[in-house]
Amino acid sequence: VDSMDLEASQRLAQWQAYHLSAFQFQWPWERWGWTDFPQRGESDRRRVYIKDCFVSLQRLAYHEHITKKVPPELHPLVEAGRVEPNKRVGRRLPRH
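Quick look at the structure:
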């Protein structure tokens with residue numbers, strides 16, 4: 030992930046999110062070293078990758094379900110990637 034093109038990293042994060050959703054979040058989080066990602070700097074490529082993964086994942090599963098399934102160490106990144114519903118749906122846009 031550190032040396033991947035940004036576009037490729039984002040696509041891999043989307044695939045990873047789909048995989049996690051499809052397989053009940055079964056993943057060796059600790060063995061892959063993901064649980065130390067929140068301690069990394071904001072611009073660290075691995076931290077950005079997992080945050081992108083959680084953004085995509087929250088389009089596939091409920092936020093509460095995700096937080097129940099991932100290790101507590103990753104909860105700050107789940108929150109950072111939280112997708113808020115669009116509150117403007119169904120409202121008319123102002124005319125100019």
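Here the sequence shown is numbered in the numbering used here, starting from 30 and rising by one per residue. For glycine and all other residues, C-beta sits at the position ideal for the given N, C-alpha and C.
Asked                                                                                                                                                                        : Found
Starting from Thr96, trace the alpha helix (DSSP H) both ways and give me its first and last residue.                                                                        : 92 to 98
Going residue by residue through the segment 44 to 97, where are the continuous beta strand (DSSP E) segments of at least 3 residues, counting only ones entirely within it? : none
For Val30, which of helix, strand or coil comes out of DSSP?                                                                                                                 : coil
Buried or exposed: Phe52, going by 16 or more other Cβ atoms within 10 Å of its Cβ?                                                                                          : exposed
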